[in-house]
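Written below as structure tokens is the structure these notes are about.
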Amino acid sequence: MTHRAGRHFLQIPGPSPVPDRVLRAISTQTMDHRGPDFAEVGRTALAGMKSIFKTEQHVFIYPSSGTGAWEAALVNVLSEGDEVLMYETGHFATLWKKMATRLGVNAEFIEGDWRGGADPDRIEARLRADSAHRIKAVCVVHNETSTGSVSPIAQVRQAIDAAGHPALLMVDTISGLASIDFRFDEWGVDVAVSGSQKGLMLPPGLSFNAVSEKAFELSKTGGMRRSYWDWQEMATINGTGYFPYTPGTNMLYGLNEAISMLHEEGLDNVFARHQRHGAATRAAVRHWGLEVLCRQQGQESGVLTAVLMPSGHSADNFRKVALAHYDISLGNGLSKVADRVFRIGHLGDINDLTLAGTLTGVELGLRKAGVPHAAGGVAAAMDALEDTRITALAAE
Ligand code: PLP
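For the sequence shown, my numbering gives the first residue as 635, with consecutive numbering after it.
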């Protein structure tokens, strides 16, 4: 590996760049996870994650990638043969459904075109048709990382209630949490799933479940056979600040630092920053004459923007050229949209200048790869940033 001067631009939609403060916290010497000092680390992490999920109910932390927490969510409350309603927002919704099917759950998809979030009206209509209440849970991806579309979770809860249906609401907010607004208690979510490597600004390696009292009670007698993922044993031991097995000690140091940083900035400011960067990125994309994959106004993500390539041009070739020449990693198109889209991550520890550098890298890459576009997208993004900055200051 040869040295490349300057900072690599890691602008995929997670893992996101890890701030120095978090890296330093992680590099602190590992401690005895059963010793007297650990309880404080464990308690701080559990309480901190409650503040991020905005819940007073239960939170569990696993040393695993997000996929593990997906499985934990399913196996603690669902039994083989149970019916669940899932919504095809994109690649990650499809993978979650595949997992449910593998576990023996009867998962039904409301089909989507991968160009927007879940439609609460379609969920309500399907639940109204289920008069026998066979559907045990509605599963929705909050921020669909493969498409850059956001599902309106509060409205999905309203749709479930409007249908008078008892189904649980299960939400994957692996790439939404700590970047875009998420309110577990207020929105009536029953199980939420998240991961460390996106808005929480950590490396991959930790995952999370937030769990309502209702889901927690159900898991006492229900769910599938399970051991490692079981909430009940975890809850008992977590009460003392410890874990039933060796936790990711150094990742927890990092998590506590990241949570402090998020609260120092203020969660609302974090969310506003992501919205601004999403809007500025879309201004650049539209100026280039390219198309944003999400076409539902108001559902465009503040976490990432997926961009459609003009026909006849390979998104993967463009990404390869941008990486080789400008040292920037952009996200690839997944499954159905492979090679047709590229994804610009604008999540986590980034500011206006990071975004400007990122968009400059994209524009230079388009030019170098011979992709037709109108020059000046970065200037359009700067205008968008300036406009929202003025509004923000005026509001103070
Ligand atoms: N769900 C969403 C929305 C994701 O973005 C990802 C990963 O990018 C996953 C699930 C899977 O998480 P992991 O790769 O950490 O297992």
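Don't be surprised by glycine CBs; every beta carbon is placed ideally from N, CA and C.
Evaluate Thr779 with the Cβ neighbour count: other Cβ atoms within 10 Å of its Cβ, from every protein chain shown; 16 or more gives buried, anything less gives exposed. It is buried - the Cβ of Thr779 has at least 16 other Cβ atoms within 10 Å.
Give the range of the alpha helix (DSSP H) segment to which Leu901 is assigned. Element bounds for Leu901: 901 to 922.
Quick check on the DSSP output: the beta strand (DSSP E) that includes Gln691 runs from which residue to which? In this chain, Gln691 is not harboured by any beta strand (DSSP E), its DSSP state being neither H nor E.
Beta-carbon within less than 7 Å of Asp824's beta-carbon, same chain only, minus the 5 sequence neighbours each way: which residues are those? Same-chain partners within the cutoff: Leu802, Leu803, Met804, Ser846, Lys848, Ala849.
Beta-bridge partners of Ala741, as assigned by DSSP: BP columns for Ala741 point to Val718.
Would you tell me roughly how many angstroms separate the C-alpha atoms of Val718 and Pro1006, rounded to the nearest one? Each residue's Cα considered, the two are about 44 Å apart.
Which residue wins for smallest C-alpha separation from Glu997, given the options Thr723, Val955, Ala796, Glu758? Of the candidates Thr723, Val955, Ala796, Glu758, the one whose C-alpha sits nearest the C-alpha of Glu997 is Val955.
Distance, Cα to Cα, Val784 vs Gly991? Going by the C-alpha atoms only, they are around 25 Å apart.
Distance, Asp815 Cα to Met895 Cα: Taking the straight line joining both Cα atoms gives about 17 Å.
Thinking just about the alpha-carbon of each residue, which of Gly1010, His980, Ala1014, Arg1001 is nearest to the one in Ala812? Ranking Gly1010, His980, Ala1014, Arg1001 by Cα distance to Ala812 puts His980 first.
Quick check on the burial criterion: 16 or more other C-beta atoms within 10 angstroms. Buried or exposed for Lys732? Exposed, because fewer than 16 other Cβ atoms sit within 10 Å of the Cβ of Lys732.
Ala1015 vs Leu993 beta-carbon contact at 8 Å: Against a cut-off of 8 Å, the Cβ pair of Leu993 and Ala1015 comes out as a contact.
So, helix, strand or coil for Lys684, using DSSP? Helix at Lys684.
According to DSSP, what are the bridge partners of Val941? Residue pairing of Val941 in beta bridges, as defined by DSSP: Val926, Phe976.
Look at the alpha carbon of Gly676 and the alpha carbon of Pro878, and state the distance between them as a whole number of angstroms. Distance between Gly676 and Pro878, taken at the CA atoms: about 12 Å.
Taking one C-beta from the stretch 966 to 979 and one from the stretch 939 to 953 each time, how about it: are there three or more such pairs within less than 8 Å? Flag = yes, the stretch 966 to 979 and the stretch 939 to 953 touch.
Compute the Euclidean distance between the alpha carbons of Glu891 and Pro653, then round it to the nearest angstrom. About 10 Å.
Let me make sure I understand the geometry here. Which of Glu925, Arg929, Leu957 has the alpha-carbon closest to that of Leu942? Selected option, being the one with the closest Cα: Glu925.
Look at the alpha carbon of Thr883 and the alpha carbon of Asp755, and state the distance between them as a whole number of angstroms. Between the alpha carbons of Thr883 and Asp755 lies a distance of about 44 Å.
Is Ile809 near the ligand PLP - that is, is its Cβ less than 7 Å away from at least one heavy atom of it? According to the sequence as given, residue 809 is Ser; it is not Ile. At least one heavy atom of the ligand PLP is nearer than 7 Å to the Cβ of Ser809, so yes.
Closer than 6 Å by C-beta to Gly738: which residues in its own chain qualify, once you throw out the five before and the five after it? Chain order, please. Excluding sequence neighbours, Gly738 sits near Glu714.
When you compare only the Cα positions, how much space is there between Gly982 and Pro800? Straight-line Cα distance between these residues: approximately 35 Å.
Exposed or buried, Gln931, counting other C-beta atoms within 10 Å across all chains shown (16 or more means buried)? In this structure Gln931 is exposed. Its beta-carbon is surrounded by fewer than 16 other beta-carbon atoms within 10 angstroms.
Rounded straight-line distance, which links the Cα of Thr723 to that of Gly746: Here the alpha carbons of Thr723 and Gly746 stand approximately 6 Å from one another.
In chain order, what are the residue ranges of uninterrupted beta strand (DSSP E) at least 3 long that sit wholly in the stretch 753 to 826? Taken in chain order, the unbroken stretches of beta strand (DSSP E) that lie wholly in the stretch 753 to 826 and span 3 residues or more are 769 to 775, 802 to 806.
So what's Ser935 in DSSP terms, helix, strand or just coil? DSSP places Ser935 in coil when its eight states are reduced to three.
Thr701: beta carbon under 7 Å from a heavy atom of the ligand PLP? Indeed, a heavy atom of the ligand PLP lies less than 7 Å from the Cβ.
Is it buried or exposed, Gln663, if we count other Cβ atoms within 10 angstroms and call 16 or more buried? Counting Cβ neighbours within 10 Å, Gln663 comes out exposed, since fewer than 16 surround it.
Anyone know if the C-beta pair for Glu705 and Trp863 falls short of 8 Å? Yes, the pair counts as a contact, with Cβ atoms nearer than the cut-off.
According to DSSP, is Thr1022 helix, strand or coil? When secondary structure is reduced to three states using DSSP, Thr1022 falls in the helix class.
Would you kindly report the start and end of the unbroken beta strand (DSSP E) that includes Ala844? 841 to 845 is the span of the beta strand (DSSP E), which, as asked, contains Ala844.
Within its chain, find whatever has a CB closer than 8 Å to the CB of Val1012; leave out the 5 residues flanking it on each side and keep chain order. For Val1012, where only same-chain residues beyond five positions count, the Cβ hits under 8 Å are Ala918, Ala990, Leu993, Thr994, Glu997.
Step through the CB atoms of chain C and report whether any lies within less than 8 Å of the CB of Tyr960. The structure shown contains no chain C; it is built from a single protein chain.
Backbone CA spacing between Ala679 and Ser861 [nearest angstrom]: In this model, Ala679 and Ser861 are separated by some 23 Å (Cα to Cα).
Are the beta-carbon atoms of Leu938 and Gly965 separated by less than 8 Å? Yes, Cβ-Cβ distance for Leu938 and Gly965 is below 8 Å.
What are the boundary residues of the alpha helix (DSSP H) that includes Gly995? It spans 986 to 1002 - the alpha helix (DSSP H) in which Gly995 sits, taken as one unbroken run.
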